[in-house]
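Asker: Keeping their order, the protein sequence lines are chains A, B and C. The opening position of the first sequence corresponds to residue 1187 in this note's numbering, with each subsequent residue numbered one higher. The opening position of the second sequence corresponds to residue 1187 in this note's numbering, with each subsequent residue numbered one higher. The opening position of the third sequence corresponds to residue 1187 in this note's numbering, with each subsequent residue numbered one higher. For every residue, glycine included, the Cβ atom is placed at its ideal position computed from N, Cα and C. My questions will all concern the structure given below.
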Amino acid sequence: MFFFADLTHIEVVDIIEVLGTIAFAISGIRLASAKRFDWFGAIVIGFVTATGGGTLRDLLLDVPVFWMQASRYIWCTLFAFIIVLGFRKYLVHLNNTIFWFDCIGLGLFVVVGYEKALVLGYPVWVCVSMATITGIVGGIIRDILINEVPIIFTQELYAVACILGGILFSILYYFNIQLLVIEVSTAVFVVVIRFFATRYHIKLPILKGED
Amino acid sequence: MFFFADLTHIEVVDIIEVLGTIAFAISGIRLASAKRFDWFGAIVIGFVTATGGGTLRDLLLDVPVFWMQASRYIWCTLFAFIIVLGFRKYLVHLNNTIFWFDCIGLGLFVVVGYEKALVLGYPVWVCVSMATITGIVGGIIRDILINEVPIIFTQELYAVACILGGILFSILYYFNIQLLVIEVSTAVFVVVIRFFATRYHIKLPILKGED
Amino acid sequence: MFFFADLTHIEVVDIIEVLGTIAFAISGIRLASAKRFDWFGAIVIGFVTATGGGTLRDLLLDVPVFWMQASRYIWCTLFAFIIVLGFRKYLVHLNNTIFWFDCIGLGLFVVVGYEKALVLGYPVWVCVSMATITGIVGGIIRDILINEVPIIFTQELYAVACILGGILFSILYYFNIQLLVIEVSTAVFVVVIRFFATRYHIKLPILKGED
Chain A
1187 MFFFADLTHI EVVDIIEVLG TIAFAISGIR LASAKRFDWF GAIVIGFVTA
1237 TGGGTLRDLL LDVPVFWMQA SRYIWCTLFA FIIVLGFRKY LVHLNNTIFW
1287 FDCIGLGLFV VVGYEKALVL GYPVWVCVSM ATITGIVGGI IRDILINEVP
1337 IIFTQELYAV ACILGGILFS ILYYFNIQLL VIEVSTAVFV VVIRFFATRY
1387 HIKLPILKGE D
Chain B
1187 MFFFADLTHI EVVDIIEVLG TIAFAISGIR LASAKRFDWF GAIVIGFVTA
1237 TGGGTLRDLL LDVPVFWMQA SRYIWCTLFA FIIVLGFRKY LVHLNNTIFW
1287 FDCIGLGLFV VVGYEKALVL GYPVWVCVSM ATITGIVGGI IRDILINEVP
1337 IIFTQELYAV ACILGGILFS ILYYFNIQLL VIEVSTAVFV VVIRFFATRY
1387 HIKLPILKGE D
Chain C
1187 MFFFADLTHI EVVDIIEVLG TIAFAISGIR LASAKRFDWF GAIVIGFVTA
1237 TGGGTLRDLL LDVPVFWMQA SRYIWCTLFA FIIVLGFRKY LVHLNNTIFW
1287 FDCIGLGLFV VVGYEKALVL GYPVWVCVSM ATITGIVGGI IRDILINEVP
1337 IIFTQELYAV ACILGGILFS ILYYFNIQLL VIEVSTAVFV VVIRFFATRY
1387 HIKLPILKGE D
């Protein structure tokens, strides 16, 4: 079985969720500003980027939607908006930093998504699916809303990092490794894959057309 | 607590829902006709515009989806389709009237969305979120389906009217005002904000890009 | 009442679901390859095309999402991906065959969707809606993800086949025809409508714009 009884552990999970939410919201708000969205539009895109994956996951798992249980996800989005609004000029020089935010957010979301399916007793492949959905669906909805083909389908080794992270979680969990170790290992693994894929321009092969 | 025991009140709520549904469906069907959708496509766009917000709200709240409990939402959409089909030539001279339909529909949807979350015991910020989702998500799905950037994110002071309406509802409810008074005040408030925003071209500031 | 106690019947339903899933996934993966998606993107589009309609149906009906209960839908998608990857050169000469796949998939999905609402005791118009949603929503999400206006709204007599199939199911069920007969009749009817509509270029009238 699986326990969240350790208060310190809960706090760690909370903190990583907050950090991930802010990181994803910033990425969404920056893309919205490039499309000249108004303030409300930018905040919505930020919120949807950060919470879209978890929302679909919770609907599929038929559990209460996480962001309706605590207001901190909305505050995180507003905080991300203020950062983008106030530090716009600096952000352009901080693409590297923001890339790191995005990587860390992804690692954390994969862990949270996996565990939500795990505590409900789902088999491994559903847990991996939920980890991946939590990691990528926010970005997909963001790209649909700004009317672009989702970047994840053509350019970035993003989803594969989620899937491999989910598989690592499954293996470590099978061998009864301590939960916190599994979580940290999985998140770091996802960040490392995404970092190297971006650094060395590793991409998945393109599925060529038929002509 | 909150009661719907008064039959007259139920009927009022029903009537405003029907009017709002027809108004939103007309707006969707007209946009579909501008994109040369076929009849089925136009009806679907009309239906989704009218019911998309409430559907997402009901999925998030995990309550039965409203339009599956009564067939009138489908009849309203077909009625809206017949109006657009039969009075096409006149509609072009009636943009002002249709704008009013849209405003009133928005006001009514905000009230319905707020109350659905309120009766489930959710805190104020979830009620305001559900009011806003009910009001704006149908139009967002409509714009995704016709492959445009949702107009709400760039041009119209639409969502802010929902949010302010939700806040007014919260304040009046806090002071134990009679429910019908709250509902009418909120709906009128939303309509007035949207009217003045459009009349005086009030918009939210654009979030400028980083270049 | 309605029974699934007959094991042979369950197996038939399973087999037609597998065939339909593969057929729809192939159509999605081919479109993704035309847009130069990477392998992961193509697999996701295939999976979403095959399962998107059923997923929305299950969320609306508030029943467990079908593809989370058995891993075969993921295997079907991977199988479809291998077919497209390995037989790409032949597929271009096989458009006719793939069109048949798509027709048969549609017929089968309509039957499955109708029955899911029927066993829950919903009225006829909800059953027809769920049959249509099961048949068409996967293709709509596919077209949104590849950033096109959903083809179903402008070109193909696709949804009407679902609706008429659902109505035929309702009539036969009303007259207490044997279930397997109803299923086969409905599926064949949908395939026939779609075949003749495509062969003789039958389309729904376009809803003309207002200018």
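Rounding to the nearest angstrom, what Cα-Cα distance links Y1300/A and Y1386/B in this structure?
Answerer: Counted from its first residue, the first sequence places residue 1300/A at position 114. Counted from its first residue, the second sequence places residue 1386/B at position 200. Roughly 50 angstroms separates the two Cα atoms.
Asker: If you draw a straight line from the alpha carbon of E1342/C to that of F1267/C, how long is it in whole angstroms?
Answerer: Translated into positions along the third sequence, residue 1342/C becomes position 156. Translated into positions along the third sequence, residue 1267/C becomes position 81. So the two alpha carbons sit approximately 25 angstroms from each other.
Asker: Kindly provide the ranges of any alpha helix (DSSP H) runs that are 4 or more residues long and lie completely inside the region 1227–1288 of chain C, ordered along the chain.
Answerer: The region 1227–1288 of chain C contains these whole alpha helix (DSSP H) runs: 1258–1272 and 1274–1277.
Asker: In chain A, which residues lie less than 8 angstroms from E1334/B when you measure between Cβ atoms?
Answerer: To locate residue 1334/B, count along the second sequence from 1; it is residue 148. N1333, listed in chain order.
Asker: Counting only beta-carbon atoms, is R1328/A nearer than 7 angstroms to chain B?
Answerer: As a working mapping, residue 1328/A is identified with position 142 in the first sequence. It does not; no Cβ of chain B falls within 7 angstroms.
Asker: Tell whether a beta-carbon distance below 7 angstroms holds between T1241/B and V1251/B.
Answerer: Counted from its first residue, the second sequence places residue 1241/B at position 55. Counted from its first residue, the second sequence places residue 1251/B at position 65. Yes. Within cutoff.
Asker: Tell me, to the nearest whole angstrom, how far the beta carbon of G1352/A is from that of C1289/A; I am working on the premise that it is less than 8 angstroms.
Answerer: For the purposes of this step, residue 1352/A is taken as residue 166 along the first sequence, with counting starting at 1. For the purposes of this step, residue 1289/A is taken as residue 103 along the first sequence, with counting starting at 1. The Cβ separation is near 16 angstroms, so there is no contact.
Asker: If you count every other CB in all the chains shown that lies within 10 Å of the CB of G1325/A, and 16 or more means buried, which is it?
Answerer: Position 139 of the first sequence holds residue 1325/A. Flag for G1325/A reads buried.
Asker: How many Å lie between T1372/A and A1347/A at the Cα?
Answerer: Here residue 1372/A is taken as the residue at index 186 of the first sequence, counted from 1. Here residue 1347/A is taken as the residue at index 161 of the first sequence, counted from 1. Approximately 10 angstroms between the Cα atoms of the pair.
Asker: Using a Cβ cut-off of 7 angstroms (strictly closer), state whether G1352/A contacts chain B.
Answerer: By one-based count along the first sequence, residue 1352/A stands at place 166. It does not: the Cβ of G1352/A has no partner Cβ on chain B nearer than 7 angstroms.
Asker: Put I1392/A into one of helix, strand or coil per three-state DSSP.
Answerer: Residue numbering aside, residue 1392/A sits at position 206 when the first sequence is read from its first letter. Reduced to three states, the DSSP call for I1392/A is strand.
Asker: Just list the residues that DSSP pairs D1224/A with in beta bridges.
Answerer: Mapped onto the first sequence, residue 1224/A falls at position 38. Paired residue(s): I1392/B.
Asker: Which residues, in chain order, does the region 1201–1219 of chain A contribute to contact with chain B at a C-beta distance below 9 angstroms?
Answerer: Answer set for the region 1201–1219 of chain A: I1215, R1216, A1218 and S1219.
Asker: Confirm, please, whether the CB-CB distance from F1210/C to A1236/C is below 7 angstroms.
Answerer: Here the question's residue 1236/C lines up with position 50 in the third sequence. Here the question's residue 1210/C lines up with position 24 in the third sequence. Yes; because the gap between Cβ atoms is below 7 angstroms, this pair is in contact.
Asker: Is the CB of F1190/A under 7 angstroms away from at least one CB in chain B?
Answerer: By 1-based counting over the first sequence, the position of residue 1190/A is 4. Annotation note: pLDDT 47 at F1190/A (below 50); position unreliable, coordinate value reported separately. Not closer than 7 angstroms to any Cβ of chain B, the Cβ of F1190/A fails to qualify, so no.
Asker: Short of 7 angstroms in beta carbon distance, which residues of its chain neighbour F1295/A, apart from the five on each side in sequence? Order them along the chain.
Answerer: By 1-based counting over the first sequence, the position of residue 1295/A is 109. Excluding residues within five positions, the ones whose Cβ falls inside 7 angstroms are G1206, G1239, T1320 and G1321.
Asker: Look at the Cβ atom of S1315/B, then the Cβ atom of L1393/C, and state whether they are nearer than 7 angstroms.
Answerer: To locate residue 1315/B, count along the second sequence from 1; it is residue 129. To locate residue 1393/C, count along the third sequence from 1; it is residue 207. Contact flag unset, no.
Asker: Which parts of the region 1291–1370 of chain A are runs of the beta strand (DSSP E), unbroken and 3 residues or longer, counting only runs that do not cross its ends?
Answerer: Entirely contained in the region 1291–1370 of chain A, not one beta strand (DSSP E) run reaches 3 residues.
Asker: Less than 7 angstroms between the C-beta atoms of Y1318/A and F1223/C, yes or no?
Answerer: Position 132 of the first sequence, counted from the first residue, corresponds to residue 1318/A. Position 37 of the third sequence, counted from the first residue, corresponds to residue 1223/C. Note that residue 1318/A is Thr in the sequence shown, not Tyr. No. Outside cutoff.
Asker: Are any of the Cβ atoms in chain C nearer than 7 angstroms to that of I1260/A?
Answerer: The residue you call residue 1260/A lines up with position 74 of the first sequence. No - not a single Cβ of chain C is within 7 angstroms of the one on I1260/A.
Asker: Quick check: what's the CA-CA separation for M1187/B versus L1306/B?
Answerer: Within the second sequence, residue 1187/B is the residue found at index 1, counting from 1. Within the second sequence, residue 1306/B is the residue found at index 120, counting from 1. In this prediction, M1187/B scores a pLDDT of 40, lower than 50, which makes its location untrustworthy; the coordinate-derived value is nonetheless stated afterwards. Cα to Cα, M1187/B sits roughly 11 angstroms from L1306/B.
Asker: Is the beta carbon of I1231/B closer than 7 angstroms to that of R1328/B?
Answerer: As a position in the second sequence, residue 1328/B is number 142, starting the count at 1. As a position in the second sequence, residue 1231/B is number 45, starting the count at 1. Contact: yes.
Asker: CA-CA distance, G1214/C and I1332/C?
Answerer: Residue 1214/C sits at position 28 when you count from the first residue of the third sequence. Residue 1332/C sits at position 146 when you count from the first residue of the third sequence. For G1214/C and I1332/C, the distance between alpha carbons rounds to 10 angstroms.
Asker: Leaving out five residues on either side along the sequence, give the residues of the same chain with a beta carbon under 7 angstroms from the beta carbon of A1228/C.
Answerer: Against the third sequence, residue 1228/C aligns to sequence position 42. So the qualifying residues of the chain are I1215, A1218, S1219 and F1267.
Asker: Check whether chain C comes within 7 angstroms of F1224/B, counting only Cβ atoms and requiring the distance to be less than that.
Answerer: For the purposes of this step, residue 1224/B is identified with residue 38 of the second sequence, where counting begins at 1. Rather than Phe, the amino acid found at residue 1224/B in this sequence is Asp. True, the Cβ-Cβ gap to chain C drops below 7 angstroms.
Asker: At least one CB of chain A closer than 7 angstroms to the CB of T1340/B: is that the case?
Answerer: If you number the second sequence from 1, residue 1340/B lands on position 154. Closer than 7 angstroms: yes.
Asker: List, in chain order, every chain C residue whose beta-carbon is nearer than 7 angstroms to that of S1257/B.
Answerer: Against the second sequence, residue 1257/B aligns to sequence position 71. Ordered by position in chain C, the residues that pass the 7 angstroms Cβ test against S1257/B are W1311.
Asker: On the CB-based measure, 16 or more other CB atoms within 10 Å of its CB, does P1336/A come out buried or exposed?
Answerer: What you label residue 1336/A is simply residue 150 of the first sequence in a count that begins at 1. By the neighbour-count rule (16 or more Cβ atoms within 10 Å), P1336/A is buried.
Asker: Based on Cα-Cα distance, which residue from V1378/A, L1358/A and Y1308/A lies nearest to E1369/A?
Answerer: Within the first sequence, numbered from 1, the residue matching residue 1369/A stands at position 183. Taking only the C-alpha atoms, the option nearest E1369/A is L1358/A.
Asker: Quick check on the burial criterion: 16 or more other C-beta atoms within 10 angstroms. Buried or exposed for K1302/A?
Answerer: Your numbering for residue 1302/A matches position 116 in the first sequence. K1302/A should be labelled buried.
Asker: Under 8 angstroms, CB to CB, which of the residues in the region 1230–1258 of chain C have a partner in chain A?
Answerer: So the close ones are V1230, I1231, T1241, L1245, D1248, P1250, V1251, M1254 and S1257.
Asker: Taking L1292/A as the reference, give the member of L1245/A, I1349/A, N1362/A and P1391/A with the closest Cα.
Answerer: Start at 1 with the first residue of the first sequence, and residue 1292/A comes out as number 106. Nearest of L1245/A, I1349/A, N1362/A and P1391/A to L1292/A, Cα basis: I1349/A.
Asker: Strictly below 9 angstroms CB to CB, what residues from chain B border D1266/A?
Answerer: Looking up residue 1266/A in the first sequence gives position 80. This sequence places Ala at residue 1266/A; Asp is not what is there. Within 9 angstroms Cβ-Cβ: nothing; A1266/A doesn't reach chain B, min ~12 angstroms.
Asker: Below 9 angstroms on C-beta distance, what does I1388/C contact in chain B?
Answerer: Here residue 1388/C is taken as the residue at index 202 of the third sequence, counted from 1. By Cβ distance, chain B contributes nothing, its closest Cβ being about 11 angstroms from I1388/C, past 9 angstroms.
Asker: Using a Cβ-Cβ cut-off of 7 angstroms, state whether A1347/C counts as contacting chain A.
Answerer: Walking along the third sequence from the start, residue 1347/C turns up at place 161. Taking Cβ atoms only, chain A never reaches closer than 7 angstroms to A1347/C, which makes this a no.
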